[in-house]
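What follows is one structure encoded as C-alpha cells, with my remarks underneath.
Residue numbers (my numbering): 133 to 194.
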C-alpha cells in the first residue's frame with residue numbers, strides 16, 4: 133500500500149470526526165464540503181490550495 137495514499141475508510145472516519153465536532157456548534161457538513169476535505173486529505177490539494185478554496189467557498193455562501 134502506498135503510504136501517501138489515504139484509504140477511503142480513513143477518509144470517512146476523518147469526515148465523521150469533523151462532522152461530529154461541528155455538530156456541537158450546530159453545523160453540518162454538506163457533500164461539497166466533505167469532498168473538499170477529502171481532496172485535501174488525499175493530497176490532491178496543498179494547504180494553500182485548500183485554504184484558498186475554503187475562503188472562496190465561504191465567500192460564496194455569504
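Don't be surprised by glycine CBs; every beta carbon is placed ideally from N, CA and C.
In the three-state reduction of the DSSP assignment, residue 160 falls in the coil class.
Contact between residue 173 and residue 143 holds: CB atoms are separated by about 6 Å, below the 8 Å threshold.
Distances from the alpha-carbon of residue 186 to those of 175, 169, 176 put 169 closest. Counting only residues of its own chain and dropping the five nearest sequence neighbours on each side, residue 171 has a CB closer than 6 Å to the CB of 177. Sequence-distant partners of residue 182 (beyond 5 residues in either direction) whose C-beta falls short of 6 Å from its own C-beta, in its chain, are 172.
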